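All residue numbers for the sequence shown refer to our numbering, where the first residue is 704 and numbers rise by one.
Beta carbons are placed, not taken as given, at the ideal position from N, Cα and C, and that holds for glycine.
Here the structure is a predicted model, which is why all the values come from computation and not from measurement.
Scroll down for the structure; my scribbles are underneath it.
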Amino acid sequence: MAHDLVIRGGTVVDGTGVERRSADIAVDGDRITAVGRVEGTGRRELDADGLLVTPGWVDIHTHYDGQVSWDSQLAPSSLHGVTSVVFGNCGVGFAPARGGADEHEFLIALMEGVEDIPGTALHEGLTWDWETYPEYLDALARRQYTVDLGSQIPHSALRAFVMGERGANYREVPTEAEIGEMARLVAEGLDAGAMGFATSRSVNHRSRDGQKIGTLTAEEAEILGIAEAFAVTGKGVMQFVSDFKDLDAELGLMKAAAIRSGGRPVSVSLIQAEQAPDRWRQVLERISAAAAEGLDFKAQCAPRSVSFLVGLETTMNPLIKCATYRSLGLASLPLAERARRLADPELRRTLLAEAREVRGGFFHMARGNMDKVFRLGSPADYEPAPEASLGAEARRTGADAFELVYDALLERNGEELLYFPLANYAGGSMDAAREMLLHDRVVPGLSDGGAHVSFICDASFPTFLLTHWCRDRTRGEQLPLEFVVRRQTHDTARHIGWHDRGVLAPGYLADLNLIDFDNLSLPAPRMIYDLPAGGKRLMQKPSGYVATVKRGTVTFEHSEPTGALPGSLQRGAQPAPA
704 MAHDLVIRGG TVVDGTGVER RSADIAVDGD RITAVGRVEG TGRRELDADG
754 LLVTPGWVDI HTHYDGQVSW DSQLAPSSLH GVTSVVFGNC GVGFAPARGG
804 ADEHEFLIAL MEGVEDIPGT ALHEGLTWDW ETYPEYLDAL ARRQYTVDLG
854 SQIPHSALRA FVMGERGANY REVPTEAEIG EMARLVAEGL DAGAMGFATS
904 RSVNHRSRDG QKIGTLTAEE AEILGIAEAF AVTGKGVMQF VSDFKDLDAE
954 LGLMKAAAIR SGGRPVSVSL IQAEQAPDRW RQVLERISAA AAEGLDFKAQ
1004 CAPRSVSFLV GLETTMNPLI KCATYRSLGL ASLPLAERAR RLADPELRRT
1054 LLAEAREVRG GFFHMARGNM DKVFRLGSPA DYEPAPEASL GAEARRTGAD
1104 AFELVYDALL ERNGEELLYF PLANYAGGSM DAAREMLLHD RVVPGLSDGG
1154 AHVSFICDAS FPTFLLTHWC RDRTRGEQLP LEFVVRRQTH DTARHIGWHD
1204 RGVLAPGYLA DLNLIDFDNL SLPAPRMIYD LPAGGKRLMQ KPSGYVATVK
1254 RGTVTFEHSE PTGALPGSLQ RGAQPAPA
């Protein structure tokens, strides 16, 4: 028998958590038809001897809401073996949206502020061939992609659509009629194929001009009114982001929403906050208690620290606000030439003096925190030892810490990045992230693929889970490979309601990665300028992905796109194979 594709002799880690084994995999159409010894030939065969064969990664926390309207590749996530993504997270997005420049500008400014996606790129790239949320899904359904996509209804866009300008103000309370209309629109969106609904209750989420997100203090009547839509349709997941300043109030509201929704799944973002390093455990205690009562509560955690990347081309360039830097036009110079000019001793003295006085700049932020500033290096080191910090180096050598920052930024011809962990790094290690990942109510997430494009590059989380937690970690215990693969395939897919993927077994979607595990690596991100209007973004291209297969078609070979676009919009939950 001839199959469309046969993958020969790989080490199969099938997504269920069972021990890896040597096997062939046969694919016909977009489905796996055999796993084991495959006697027949393939119209195309891939030699997987010495390679891991895993399901394609399922990333349930991205922000490709705008990028999907102009880009079919969806890098950087697709470069890292991701074959399915979900966006609309954190309550920001672009549908529903009434026609007109004012509402479009509001949604763009909010996305730019919350997720650091350049407004110029969004203005040029967004097609706006929709107003309602179902029309937005229809627009996505007209395109093909390297990955499958799922979309959630963003609370901020919904609020603005129903309440107008009042919806942008977190102090404004919707009327009973407006809550009813929001619920109706959410039900309409769920029936049209939304994966769920997402909202933000974080003070960190602000528009470009600093305005707090309109959903920040949405009251119980509003949240529970929207939850009714889930009970009516019996569909979807509710996703919450919260600072958890008042644990009982916030988790009590989420629990009430889960009950009002008829027990639909709830997804909660979880990090270790520097200011309250043990609060995440209290969140998990309450999530576990809710689960014990029969509610489907889970947390999404970042598998490494959440950090800023500081460099000469990033938003966090310490020199960008210096008068001399601007007057000399240094930002417009090619990077290597800029680094050469900045090495001039007199210019160095001038810029350091100015940078120390810039309010709101990196030096102001890092003052007193230099023990948390590190060279990222290449390959990137995301769990450096405390003695590798620039603060420790300053004490060891007697050098000024800010001078060390300046000089480090010139290394590697100006490409060096400084790594400034903000969360999941209290105590100087990732032990908390490991503990989260091991918890039975936690799945990996929060990669924010497509967002924070000029100072964070966390779409590489799936690759990092393998390289760091399963192979390279030396500053603490590792994690079993089979466990990690299950977490970011089977478990993430099931949490969002996709039961047709994340497992290598007959009948499941033929979404696979062939990985040279021994040589899988993450170099430092580099800045590229390929967004609409010449916008910039950090790109971290891994090595070690020999091939990625989406729905039976090879989409990437050695992280280079083949041009095939077998992925598409997925409308809602997907059933398991019969």
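Within 10 angstroms of its Cβ, does MET704 collect 16 or more other Cβ (buried), or is it exposed? By the C-beta density criterion, MET704 is exposed, having fewer than 16 other C-beta atoms within 10 angstroms.
Between LYS958 and VAL1146, is the Cβ-Cβ spacing less than 8 Å? For the 8 Å CB-CB criterion, LYS958 and VAL1146 do not form a contact.
The stretch 973-982 in contact with the stretch 1037-1046 per 3-pair CB rule at 8 Å: No, because fewer than three Cβ pairs between the stretch 973-982 and the stretch 1037-1046 fall closer than 8 Å, the two stretches do not touch.
Would you please state the rounded distance, in angstroms, between the beta carbons of ARG909 and VAL817? I believe it to be under 8 Å. Contact flag correct, Cβ pair sits at about 7 Å.
Three or more C-beta pairs below 8 Å linking the stretch 1120-1133 and the stretch 727-745: The stretch 1120-1133 is not in contact with the stretch 727-745.
Candidates PRO1082, LEU1031, MET1230, of which the one nearest SER1246 by Cα: With distances taken between Cα atoms, SER1246 lies closest to PRO1082.
Would VAL850 and SER945 qualify as a contact pair, given that the criterion is a beta-carbon distance under 8 Å? Not in contact: VAL850 and SER945 (Cβ atoms no closer than 8 Å).
Hey, TYR848 and ALA798: beta-carbon distance below 8 Å or not? For TYR848 and ALA798, no; Cβs fall outside 8 Å.
Beta-bridge pairing of TYR645 - partner residues as DSSP gives them: Outside the modelled stretch of the chain, which goes from 704 to 1281, sits residue 645, for which no answer is possible.
Leaving out the 5 sequence neighbours to the left and right, which residues in its chain are closer than 7 Å to ASP894 when beta-carbon positions are compared? Counting only Cβ-Cβ distances below 7 Å, and skipping sequence neighbours, we find THR936.
If you measure between the beta carbons of ASN858 and THR765, is that distance less than 8 Å? One detail in the question is off: residue 858 reads as His in this sequence, not Asn. Not closer than 8 Å, so no.
So, helix, strand or coil for ILE974, using DSSP? Looking at ILE974 - three-state DSSP - the assignment turns out to be coil, as it is neither helix nor strand.
Quick one: measure Cβ to Cβ for ALA901 and GLN942, integer angstroms, because I've assumed they're closer than 8 Å. Sure, about 4 Å apart at Cβ, within 8 Å.
Which residues mark the beginning and the end of the beta strand (DSSP E) in which ASP904 is found? Checking the sequence shown, residue 904 turns out to be Arg, not Asp. Run containing ARG904: 899-904, per the beta strand (DSSP E) assignment.
At the level of alpha carbons, what is the spacing between LEU1045 and VAL721? Distance between the alpha carbons of LEU1045 and VAL721: 54 Å.
Check whether the Cβ atoms of PRO1269 and TYR1211 sit closer than 8 Å, and answer yes or no. No, Cβ-Cβ distance for PRO1269 and TYR1211 is not below 8 Å.
To test your reading of the DSSP string, which unbroken beta strand (DSSP E) runs of 3 or more residues are found completely within the stretch 922-988? With a minimum length of 3 residues, the continuous beta strand (DSSP E) runs that stay inside the stretch 922-988 are 940-945, 969-973.
Under a Cβ-count criterion, where at least 16 other Cβ atoms within 10 Å of its own Cβ denotes burial, should HIS1198 be classed as buried or exposed? Of the residues assessed, HIS1198 falls on the buried side of the cut-off, its CB having 16 or more other CB atoms within 10 angstroms.
Quick check on the DSSP output: the beta strand (DSSP E) that includes PHE1000 runs from which residue to which? Boundaries of the beta strand (DSSP E) around PHE1000: 1000-1004.
Got a sec, what are the start and stop residues for the alpha helix (DSSP H) LEU810 sits in? Counting along the chain, the unbroken alpha helix (DSSP H) around LEU810 starts and ends at 804-818.
Start and end of the alpha helix (DSSP H) containing GLU884? Residues 879-895.
Any idea if GLN770 is buried or exposed, counting beta-carbon neighbours within 10 angstroms, 16 or more meaning buried? It is buried - the Cβ of GLN770 has at least 16 other Cβ atoms within 10 Å.
Tell me which residues share the same chain as TYR839 and place their Cβ nearer than 6 Å to its Cβ, disregarding the 5 neighbours each side in the sequence. Counting only Cβ-Cβ distances below 6 Å, and skipping sequence neighbours, we find ALA798, TRP833.
Here's a check: name, in chain order, each residue in its chain whose Cβ is nearer than 6 Å to the Cβ of ASN1116, leaving out the five neighbours to either side. Taken in chain order, the residues that qualify are ALA1039, ALA1042.
Starting from LEU1121, follow the alpha helix (DSSP H) in both directions and report where the run begins and ends. First-last for LEU1121: 1121-1126, but that is the beta strand (DSSP E), not the alpha helix (DSSP H).
With TRP750 as the anchor, note down where its beta strand (DSSP E) starts and where it stops. Note on residue identity: the sequence assigns Asp, not Trp, to residue 750. DSSP places ASP750 in the uninterrupted beta strand (DSSP E) bounded by 744-750.
Could you check if TYR1232 is buried or exposed, using at least 16 other CB atoms within 10 Å of its CB as the buried criterion? TYR1232 should be labelled exposed.
DSSP three-state assignment for ARG1043, whether helix, strand or coil: It is helical.
Is PRO758 helix, strand or coil by DSSP? Annotated three-state conformation of PRO758 is strand, per DSSP.
What is the DSSP secondary structure of MET647, reduced to helix, strand or coil? Nothing can be reported for residue 647, as the shown portion of the chain is limited to 704 through 1281.
According to DSSP, simplified to helix, strand and coil, what is GLU1260? Three-state result, GLU1260: strand.
Along the alpha helix (DSSP H) that carries PHE1186, what are the first and last residues, could you check? Boundaries of the alpha helix (DSSP H) harbouring PHE1186: 1184-1189, taken from the DSSP string.
Starting from ARG1059, follow its DSSP beta bridges and name the residues at the other end. Paired residues: none, contrary to the question.
Proximity to PHE1066 [Cα-Cα], best of GLY1032, MET1133, PRO1021: Comparing Cα-Cα distances from PHE1066 to each of GLY1032, MET1133, PRO1021, the minimum goes to PRO1021.
What number of angstroms, rounded off, separates the C-alpha of MET1068 from the C-alpha of LEU1107? Taking the straight line from one Cα to the other gives about 16 Å.
Taking the continuous beta strand (DSSP E) assigned at GLY1238, which residues delimit it? Residues 1238-1242.
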